[in-house]
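Enquirer: Sharing a structure below in structure tokens format, with a few things to ask.
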Amino acid sequence: MELINLLMTGFSVVLQPVNLLYCFVGVLIGTMVGVLPGLGPVAAMSLLLPATFHTTPVASIIMLSGIYYGAQYGGSTTSILVNIPGEVASIMTCLDGYQMARQGRAGPALGIAAFGSFIAGTLGVIGLMLIAPPLAEFGLKFGPPDNFSLMVLGLIILTFLTSSSMTRALMMAAFGLILGTIGLDNISNMPRFTFDIPELLDGVGLIPVAMGLFGISEVLLNIEMKIKGEVFTSKVTGLLPTLKDWGQSIWAIFRGTVIGFFLGLIPGGGAMLASFVSYAIEKRVSKHPEAFGKGAIEGVAAPEAANNAGAQASFIPLLTLGIPSNVVMAMLLGALMIHGVTPGPLLLVQHQEIFWGVVASMYLGNILLLLLNLPLIGIWVKLLKVPYSVLFPLIIFFCLTGAYSINNSSIDVVIMLIFGIVGYLMRKISLEPAPLVLAFVLGPMLENALRLSLIKSRGSFAIFFTRPISATCLIVAIALMVVPLLPWLRRPGAVLEKEDTT
Amino acid sequence: MKRTYLINDLVWITFALLVCIGGLKLGFGSFQQPQAGFLPFLAGLLLGLLALMDLASGFKDRWKAAKADKEIWSEINWGKLILTMAVLFVYTVLSSILGFVIGTILLLLFLFRMMEPRPWRIIILASLTTTGLFYLIFQIGLEGQLPRGFWGF
Numbered sequence: 034m035e036l037i038n039l040l041m042t043g044f045s046v047v048l049q050p051v052n053l054l055y056c057f058v059g060v061l062i063g064t065m066v067g068v069l070p071g072l073g074p075v076a077a078m079s080l081l082l083p084a085t086f087h088t089t090p091v092a093s094i095i096m097l098s099g100i101y102y103g104a105q106y107g108g109s110t111t112s113i114l115v116n117i118p119g120e121v122a123s124i125m126t127c128l129d130g131y132q133m134a135r136q137g138r139a140g141p142a143l144g145i146a147a148f149g150s151f152i153a154g155t156l157g158v159i160g161l162m163l164i165a166p167p168l169a170e171f172g173l174k175f176g177p178p179d180n181f182s183l184m185v186l187g188l189i190i191l192t193f194l195t196s197s198s199m200t201r202a203l204m205m206a207a208f209g210l211i212l213g214t215i216g217l218d219n220i221s222n223m224p225r226f227t228f229d230i231p232e233l234l235d236g237v238g239l240i241p242v243a244m245g246l247f248g249i250s251e252v253l254l255n256i257e258m259k260i261k262g263e264v265f266t267s268k269v270t271g272l273l274p275t276l277k278d279w280g281q282s283i284w285a286i287f288r289g290t291v292i293g294f295f296l297g298l299i300p301g302g303g304a305m306l307a308s309f310v311s312y313a314i315e316k317r318v319s320k321h322p323e324a325f326g327k328g329a330i331e332g333v334a335a336p337e338a339a340n341n342a343g344a345q346a347s348f349i350p351l352l353t354l355g356i357p358s359n360v361v362m363a364m365l366l367g368a369l370m371i372h373g374v375t376p377g378p379l380l381l382v383q384h385q386e387i388f389w390g391v392v393a394s395m396y397l398g399n400i401l402l403l404l405l406n407l408p409l410i411g412i413w414v415k416l417l418k419v420p421y422s423v424l425f426p427l428i429i430f431f432c433l434t435g436a437y438s439i440n441n442s443s444i445d446v447v448i449m450l451i452f453g454i455v456g457y458l459m460r461k462i463s464l465e466p467a468p469l470v471l472a473f474v475l476g477p478m479l480e481n482a483l484r485l486s487l488i489k490s491r492g493s494f495a496i497f498f499t500r501p502i503s504a505t506c507l508i509v510a511i512a513l514m515v516v517p518l519l520p521w522l523r524r525p526g527a528v529l530e531k532e533d534t535t
Numbered sequence: 018m019k020r021t022y023l024i025n026d027l028v029w030i031t032f033a034l035l036v037c038i039g040g041l042k043l044g045f046g047s048f049q050q051p052q053a054g055f056l057p058f059l060a061g062l063l064l065g066l067l068a069l070m071d072l073a074s075g076f077k078d079r080w081k082a083a084k085a086d087k088e089i090w091s092e093i094n095w096g097k098l099i100l101t102m103a104v105l106f107v108y109t110v111l112s113s114i115l116g117f118v119i120g121t122i123l124l125l126l127f128l129f130r131m132m133e134p135r136p137w138r139i140i141i142l143a144s145l146t147t148t149g150l151f152y153l154i155f156q157i158g159l160e161g162q163l164p165r166g167f168w169g170f
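First to last, the sequence lines map onto chains F and E.
Here my numbering = 1-based position in the first sequence + 33.
Here my numbering = 1-based position in the second sequence + 17.
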């Protein structure tokens, strides 16, 4: 009963006109960046973060969350119609979605992707609503050593799941930690690596770094690499799946939802991992696995459901423990901190309106997305035809003005441009930016937790292994680091890559 | 051996070394009382060790499977890339002198033209419209603080 009352409080927050508007803008932009290949939710969130400075924290988080889960919906459109994933979590949808479009079944493919996303998204929010409060209570038992170990685990899982070498991913995480130390030391107030530049005393901002690494570098890459891909069909009809389609897809949707939800909970997990694993499992449990890759509707339904459930579930570690499980959540953490709100176990007590407002906005957002993605599909097809020669100058322009508007300072723009070049070079030599950004955001928290733990234990590292939560996290982290050294055990990334190519 | 990967690892090792030295200068403290340089030193050490591991594994096998140097860099249109970045840096400086409106119009003229040569009248119209709309929404509507320059806009 109390849960219903709290949810009603959330609806009273989200139904305020300004919050409703931000929710709509968030899912609209999310769908748009999902549809457009080359521009992901992280770039869009970093672009729009400065625009939320003048609004309330709840409106800001509602919009930024909407961008994330909205992108999961939009990504499927490009996968199905162009055979290019609109965003990384939609890669698996290309395999069967595009084949369905080639067979003249683009409508049912888009329809089942949207309905599957809606069902999974809604069930994911219910899961979030039920799991978050007890988890937050559990989170109150966390001390600095537990927080430190959980953050280490999150970083290790993310590096473990990256497609490139784990050593190189860990290198990027270490680089992120170093970047996070720039500015005044939290404990002694001593300036670190500021080179007498006053603007660096507050540290390097998350927004210029993320905009550079994900926005500018993406445009630079695309300047040299022409995205080829023609919209398969410009008129999509028959969006409502038939009873036969539903019969084939419904269990795939439920399985995808459950898999996606639990994988989304794991630090380092999220929508992308969820869609890969659910596709692989669906193929294994199917009575006709040979149809996968040739236009099986379950091959669209399962990963689309999984990526939406995963996206919703990945909010749980952030909102209850204050620990972002992936780079998108790291952006949200940054946004909350900018607004003076510290996510964690106390968020549900001190800022009920934010937690329940965001939860309620997700229910509403899922309905809006269903409406945006089915009746308005024609608009997204047209958007796919906007030439990149028009789009990219605008992205660069938004990045420049977005970075400037953070502090009305050119230094932030210069930092963004430098990280644009760094990000471009990193991508050229297969260094992934995601572990860098996650470590950069976690860095100051991780440092505080480490130093406080060591002060408390008088320099003994045993403190990390004598507390059950901390010990469990570290044992799992160590196990994950050992796995790549064992030749008979493959990393899931490698397995998934193989699955992708077959 | 792939020169790109070798240079990459050597750059990271040098950077890690500098960070470690910086960390020690800030003060490492002790494990009982960690100081400001504690984490930078440890993170630098970790980065250096990982880069060394990467270098070693590269020598062993990975570079054989990696893309050839030529393959990585040959597809880049260096002229376009360097020009774009140079213009963006120049825009950052010039916009505070010329002001947001004039600086942005010039920037967009360049970017639209560079991405795909279209007739000038279309490019001029697109640049003026984008700048004008943005100025109206952010400067006048939302009372933003866009650079004014000596013209005052």
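Virtual Cβ for every residue (Gly too), placed ideally from N, Cα, C.
Anything in the region 49-79 of chain E with a Cβ closer than 8 Å to a Cβ of chain F? List those residues in chain order, please.
Expert: Gln-49, Gln-50, Pro-51, Gln-52, Ala-53, Gly-54, Phe-55, Leu-56, Pro-57, Ala-60, Gly-61, Leu-63, Leu-64, Leu-67, Ala-68, Met-70, Asp-71, Ser-74 and Arg-79
Enquirer: Return the bridge partner residues of Gly-216(F) from the DSSP annotation.
Expert: Arg-225(F)
Enquirer: Among Leu-66(E), Ser-144(E), Pro-57(E) and Gly-61(E), whose alpha-carbon lies nearest the alpha-carbon of Gly-44(E)?
Expert: Pro-57(E)
Enquirer: Excluding five sequence neighbours on each side, which residues of the same chain lie with their C-beta closer than 6 Å to the C-beta of Asn-24(F)?
Expert: A query on residue 24(F) cannot be resolved here, the shown segment of chain F reaching from 34 to 535 and no further.
Enquirer: Could you pull the start and end residues of the alpha helix (DSSP H) that Trp-284(F) belongs to?
Expert: For Trp-284(F), the enclosing alpha helix (DSSP H) stretches over residues 276-298.
Enquirer: In the DSSP assignment, what residue or residues form a beta bridge with Gly-332(F)?
Expert: None; Gly-332(F) has no bridge partner.
Enquirer: Would Leu-128(E) count as contacting chain F if we go by Cβ distances under 8 Å?
Expert: yes
Enquirer: Closer than 7 Å, Cβ to Cβ, to anything on chain E: give me those residues from the region 199-232 of chain F, in chain order.
Expert: Thr-200, Arg-201, Leu-203, Met-204, Ala-207, Phe-208, Leu-210, Ile-211, Thr-214, Asp-218, Ser-221, Met-223, Arg-225 and Phe-226
Enquirer: If I'm right that Gly-61(E) touches Cys-37(E) with Cβ under 8 Å, what's the distance once you round it to whole angstroms?
Expert: 4 Å
Enquirer: Please look up how many angstroms separate the CB atoms of Ile-349(F) and Ala-165(F), rounded, as I've assumed it's under 8 Å.
Expert: 5 Å
Enquirer: Can you tell me whether Gly-137(F) is helix, strand or coil according to DSSP?
Expert: Correct three-state label for Gly-137(F): coil.
Enquirer: Does DSSP put Pro-51(E) in a helix, a strand or coil?
Expert: Here DSSP, grouped into helix, strand and coil, assigns Pro-51(E) to strand.
Enquirer: Taking all protein chains shown into account, decide if Ser-91(E) is buried (16 or more other Cβ within 10 angstroms of its Cβ) or exposed.
Expert: exposed
Enquirer: Using a Cβ-Cβ cutoff of 9 Å, what residues of the region 170-195 of chain F are near chain E? List them in chain order.
Expert: Answer in chain order: no residues at all.
Enquirer: Just confirm the distance between the C-beta atoms of Thr-126(F) and Ile-117(F), as a whole number of angstroms; I'd bet it's less than 8 Å.
Expert: Their Cβ separation, rounded to whole angstroms, is 11 Å, which puts Thr-126(F) and Ile-117(F) out of contact at 8 Å.
Enquirer: Taking all protein chains shown into account, do 16 or more other C-beta atoms lie within 10 angstroms of the C-beta of Trp-137(E), making it buried, or fewer, making it exposed?
Expert: Exposed: under 16 other Cβ atoms inside 10 Å.
Enquirer: Straight-line CA distance for Trp-95(E) to Phe-294(F)?
Expert: 44 Å
Enquirer: By how many angstroms is the C-alpha of Ser-93(F) removed from the C-alpha of Asn-406(F)?
Expert: 23 Å
Enquirer: Going along the chain, which residues of the region 392-426 of chain F sit with their C-beta nearer than 8 Å to a C-beta in chain E?
Expert: Pro-420, Tyr-421, Ser-422, Val-423, Phe-425 and Pro-426
Enquirer: Would the region 192-211 of chain F count as touching the region 467-486 of chain F if we require 3 or more Cβ pairs under 8 Å?
Expert: yes
Enquirer: Is there a Cβ of chain F sitting closer than 8 Å to that of Phe-45(E), yes or no?
Expert: no
Enquirer: Is Arg-317(F) close to chain E, meaning its C-beta is less than 8 Å from at least one C-beta of that chain?
Expert: Arg-317(F) does not count as touching chain E.
Enquirer: Give the residues of chain E in contact with Arg-484(F), contact being defined as C-beta atoms less than 7 Å apart.
Expert: Pro-51 and Phe-55
Enquirer: Would you mind reading off the limits of the alpha helix (DSSP H) that contains Gln-385(F)?
Expert: Here the alpha helix (DSSP H) through Gln-385(F) covers 385-406.
Enquirer: May I ask you to list the residues that DSSP assigns as paired with Gly-46(E)?
Expert: Looking at the DSSP assignment, Gly-46(E) forms a beta bridge with Pro-51(E).
Enquirer: Taking 6 Å as the limit between beta carbons, can you name the residues of its chain near Gln-156(E), skipping five residues before and five after?
Expert: Leu-163
Enquirer: Using a Cβ-Cβ cut-off of 8 Å, state whether Tyr-152(E) counts as contacting chain F.
Expert: no
Enquirer: Leaving aside the five residues before and after His-372(F) along the sequence, list all residues of the same chain whose C-beta is less than 7 Å from its C-beta, in chain order.
Expert: Pro-90 and Ser-93
Enquirer: Determine the extent of the alpha helix (DSSP H) in which Gln-105(F) is found, giving its start and end residues.
Expert: 90-115
Enquirer: Pull out every residue of the region 95-127 of chain E whose Cβ sits closer than 9 Å to any Cβ of chain F, in chain order.
Expert: Correct list: Lys-97, Leu-98, Thr-101, Met-102, Leu-105, Phe-106, Tyr-108, Thr-109, Val-110, Ser-112, Ser-113, Phe-117, Thr-121, Leu-124, Leu-125 and Phe-127.
Enquirer: Distance, Cα to Cα, Leu-246(F) vs Met-449(F)?
Expert: Between the alpha carbons of Leu-246(F) and Met-449(F) lies a gap of roughly 8 Å.
Enquirer: Could you name the residues of the same chain whose beta carbon sits closer than 7 Å to that of Ala-53(E), not counting the 5 residues immediately before and after it, in chain order?
Expert: Answer for Ala-53(E): Leu-43 and Gly-44, listed in chain order.
Enquirer: With 16 other CB atoms within 10 Å as the buried threshold, where does Val-32(F) fall?
Expert: Nothing about residue 32(F) can be reported from this structure: the residues present for chain F run from 34 to 535 only.
Enquirer: Is it the case that the Cβ atoms of Asp-179(F) and Arg-491(F) are separated by a distance below 8 Å?
Expert: no
Enquirer: Mind pulling the chain E residues with CB within less than 7 Å of Asn-441(F)?
Expert: Gln-162
Enquirer: State yes or no: is the beta carbon of Thr-146(E) nearer than 8 Å to at least one beta carbon in chain F?
Expert: No, Thr-146(E) does not count as interfacial toward chain F.
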